[in-house]
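Chemist: Residue 1 is where the sequence shown starts when you use my numbering, and the numbers rise one by one after that.
Virtual Cβ for every residue (Gly too), placed ideally from N, Cα, C.
Below is a structure I'd like to ask you about.
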Amino acid sequence: MTDFDKKEIWFVTGSQHLYGPKTLQQVDEDSATIVDGLNKAGKIPVKIVFKPVVKTPDEILNVCVEASAEKNCIGVITWMHTFSPAKMWIGGLKALTKPYMHLHTQFNRDLPWSEIDMDYMNLHQSAHGDREFGFINSRMRKNRKVVVGHWQDPQVVEQIAAWSRVAIGWDDSQGLKVARFGDNMREVAVTEGDKVEAQIKFGWQISAFGVGDLVKYVEKVTEDEVAQLYKEYEEEYEVATDCKPGGKYHDNVLVQARYEIALKRFMADGNFKAFTTNFENLTGLSQLPGLASQRLMAAGYGFGAEGDWKQAAMLRIIKTMSKGLKGGSSFMEDYTYHLDPENEGVLGAHMLEICPSIAAKKPRLEVHPLGIGGKDAPARLIFESATGAAMNVTLIDMGNRFRLIVNTLDVVEPLEKMPKLPVASAFWKTLPNMAVGAAAWIYAGGTHHSAYTMALTPEFIESFAEIADVEYVVIDKNTCLKEFKKELKWNEIYYMLANGLK
Ligand code: MN
């Protein structure tokens, strides 16, 4: 996973020479104090780096060019302590390629009522200075995050921290390599898409491999390596009796251990961060990689079934953004409904490939026939998701653009036990309710596949979509179907026209 410690966000304060050296020195000192405070708050996962106040078009251009070129700089925070005439920013903003946040804060929280004088007024000008900066960004049709409030307010720090994680996700997205074993599931539409456009918009490098390329790795795994890995399974999971040494399915488990080692090696050799499989393309493999895919997801890799590279990449990015936060993330599919009008819900699952990072308790390791694909009975982890707030995130290709769709969920305990269901699952209430939530998702064209996460909120995906400059729609507790349908229609027009405005 991405090493957060090496990543930096630059803090750039704008001003001009009009104020004279004394005021500008104070601006510098105040900015450095803010940066220090943000770093010491202990909430922001990357280092905020103070940059000296910029006062001329050249200084602004230089810092923007440097930020764009510096590999470890994943984003920029801008703030106008004083007034910084915004024509000075045009060149810099044109050159800046990193995501940026406009922090609309003020050094002092409170007005010093009895002390306030013109010196104070000449220094604490963000109320109007940041409006000038806001204009030029809007005039240039720049997507950026605006955060408002005092820099010591925990809610402001929280928003900066969240945006920092989005910037980390964006950084991970650039050059993110996805390995596809086999192609798209035959005749399936929604998992298809324009991979060239995905590389242009998100930076993803998506490459297909014959399953034979993976089989070569599988064949090289040694018995010792498999035996070592099996010991880990015994420690981490409740292994079914027939899966233990001497049991009739023990060898089926070892096959998945072999796949896991081979997959990890393949991914490491090619620097891949996400992968897809397709149960129709398994020539040379005796099982669909179930347990192996589950464990690779738990190790931070993105995964998509049936060739779904879009969800594989999104899951990887979500896992990167949420590193260290509470709550797991998994590939997911809306599988089966409970349509009792008094208690509607969705049973989310997949044939096998759900990530144990979302498990409520220790998963069970079992082997059962798949009933599809005509292969050997695969080993898989069985568990139920932890409960609480979650969301499904999906990316679709609308032909002229990508659309990111988020639906917030309330994950609850399954209403009854499911002793005959040998897969991992999650049971949730779709927000705002089943009728509106599912209809909105379907009108939006959302796929049956998602990246499901309990670690993030929709704001992360909204910011990510803004950085990528792709469409974003959210279905949550406030969704009104009538308005949502209009939003989809308006977006059609916006995305036809927006490029002409830039
Ligand atoms: Mn599927």
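1. Return yes when the Cβ of residue 84 is within less than 8 Å of the Cβ of residue 105, no when it is not.
2. Since I believe residue 31 is in contact with residue 63 (beta carbons under 8 Å), could you give me their beta-carbon distance rounded to a whole number of angstroms?
3. Does the Cβ-Cβ distance between residue 288 and residue 370 come in under 8 Å?
4. So the candidates are 219, 258, 247 and 249; which of them puts its Cα closest to the Cα of residue 229?
5. Cβ of residue 305 within 7 Å of any heavy atom in the ligand MN?
6. Which ranges would you report for the beta strand (DSSP E) in the stretch 194-252 if only whole runs of at least 3 residues count?
7. With distances taken Cα to Cα, identify the nearest neighbour of residue 42 among 235, 157 and 233.
8. Determine the burial state of residue 478: buried for a count of at least 16 other Cβ atoms within 10 Å of its Cβ, exposed for fewer.
9. Under 8 Å, with one C-beta from each stretch per pair, do the stretch 285-300 and the stretch 403-415 reach the 3-pair mark?
10. Within its chain, find whatever has a CB closer than 6 Å to the CB of residue 260; leave out the 5 residues flanking it on each side and keep chain order.
11. Quick check: does the Cβ of residue 280 come within less than 7 Å of any heavy atom belonging to the ligand MN?
12. Going straight from the alpha carbon of residue 360 to that of residue 434, what length do you get?
13. For my contact list, residue 347 and residue 335 are in at a C-beta cut-off of 8 Å; report their separation, rounded to the angstrom.
14. Could you tell me if residue 256 is buried or exposed, where buried requires 16 or more neighbouring beta carbons within 10 angstroms of its beta carbon?
15. May I ask you to list the residues that DSSP assigns as paired with residue 304?
16. Measuring CB to CB, does residue 133 end up less than 8 Å from residue 102?
17. Return the CA-CA distance between residue 174 and residue 201, expressed in angstroms with no decimal places.
18. Using 8 Å for Cβ pairs, my map puts residue 80 next to residue 14. What's the rounded Cβ distance?
19. Since I believe residue 75 is in contact with residue 9 (beta carbons under 8 Å), could you give me their beta-carbon distance rounded to a whole number of angstroms?
20. Using the Cα positions of residue 149 and residue 97, report the straight-line distance between them to the nearest angstrom.
21. Are there any heavy atoms of the ligand MN lying less than 7 Å away from the beta-carbon of residue 81, as far as the coordinates show?
22. Is residue 66 near the ligand MN, in the sense that its beta carbon is under 7 Å from a heavy atom of that ligand?
23. Measuring alpha carbon to alpha carbon, tell me which residue in 244, 415, 490 and 367 is nearest residue 343.
24. What are the partner residues of residue 391, as DSSP defines its beta bridges?
25. Among residues of its own chain, excluding the 5 on either side of residue 476, which ones have a beta-carbon nearer than 6 Å to its beta-carbon?
26. Within the present structure, is the beta-carbon of residue 350 separated from the nearest heavy atom of the ligand MN by less than 7 Å?
27. So who's on the other strand from residue 96, going by DSSP bridges?
28. Just list the residues that DSSP pairs residue 73 with in beta bridges.
29. Within this structure, are the beta carbons of residue 319 and residue 345 separated by less than 8 Å?
30. With three or more C-beta pairs closer than 8 Å as the rule, is the stretch 364-379 touching the stretch 279-288?
31. Grab me the residues of residue 537's own chain with a C-beta within less than 6 Å of its C-beta, minus the 5 sequence neighbours each way, in chain order.
32. What does the Cβ neighbour count give for residue 302, buried or exposed, with the cut at 16 atoms within 10 Å?
33. Considering only residues of the same chain and omitting the five flanking positions on each side of residue 231, which have a CB-CB separation below 6 Å?
34. On the DSSP letters alone, give me the boundaries of the beta strand (DSSP E) that residue 348 sits inside.
35. Figure out for me which residue from 211, 117 and 226 has the closest Cα to the Cα of residue 307.
36. Express the C-alpha separation of residue 247 and residue 468 in angstroms, rounding to a whole number.
Modeler: Let's see:
1. It is not a contact, given that the beta carbons lie outside the stated cut-off.
2. In fact, because the Cβ distance is near 13 Å, the residues do not count as touching under 8 Å.
3. Going by C-beta atoms, residue 288 is nearer than 8 Å to residue 370.
4. Out of 219, 258, 247 and 249, 258 has the C-alpha closest to the C-alpha of residue 229.
5. At least one heavy atom of the ligand MN lies less than 7 Å from the C-beta of residue 305.
6. Entirely contained in the stretch 194-252, the beta strand (DSSP E) runs reaching 3 residues are, in chain order, 205-209.
7. Among 235, 157 and 233, the Cα nearest to that of residue 42 belongs to 157.
8. Classification for residue 478: exposed.
9. Not touching, per the Cβ criterion.
10. Within the same chain, and ignoring the five residues on either side of residue 260 in sequence, the residues whose Cβ sits closer than 6 Å to its Cβ are 292 and 295.
11. Checking the 7 Å criterion, the Cβ of residue 280 is out of range of every heavy atom belonging to the ligand MN.
12. So the two alpha carbons sit approximately 24 Å from each other.
13. Rounded, the Cβ-Cβ distance is 5 Å, consistent with contact.
14. So residue 256 ends up on the buried side.
15. The secondary-structure analysis by DSSP pairs residue 304 across a beta bridge with 276.
16. Against a cut-off of 8 Å, the Cβ pair of residue 102 and residue 133 comes out as a contact.
17. Taken atom to atom, the span from the alpha-carbon of residue 174 to that of residue 201 is near 9 Å.
18. Going by Cβ atoms, the distance from residue 80 to residue 14 rounds to 5 Å, so yes, they are a contact pair.
19. 5 Å between Cβ atoms; contact.
20. Residue 149 and residue 97 have their C-alpha atoms spaced approximately 26 Å apart.
21. It does not: the Cβ of residue 81 is nowhere closer than 7 Å to a heavy atom of the ligand MN.
22. Residue 66 has its Cβ no nearer than 7 Å to any heavy atom of the ligand MN.
23. When each option's Cα is compared against that of residue 343, the closest is 415.
24. In the DSSP assignment, the residues bridged to residue 391 are 408 and 453.
25. Taken in chain order, the residues that qualify are 408 and 431.
26. Checking every heavy atom of the ligand MN against the Cβ of residue 350, one is found closer than 7 Å.
27. In DSSP, residue 96 forms no bridge with anything.
28. For residue 73, the pairing in a beta bridge is given by DSSP as 8.
29. At the C-beta level, residue 319 and residue 345 stay beyond 8 Å of one another.
30. Verdict: yes, contact present.
31. One cannot answer for residue 537 here, as it falls past the ends of the chain, which runs 1 to 502.
32. Residue 302 should be labelled buried.
33. Nothing listed; no residue qualifies.
34. That run of the beta strand (DSSP E) goes 345-349.
35. Cα-wise, what sits closest to residue 307 is 211.
36. When rounded, the separation of the alpha-carbon atoms in residue 468 and residue 247 is 51 Å.
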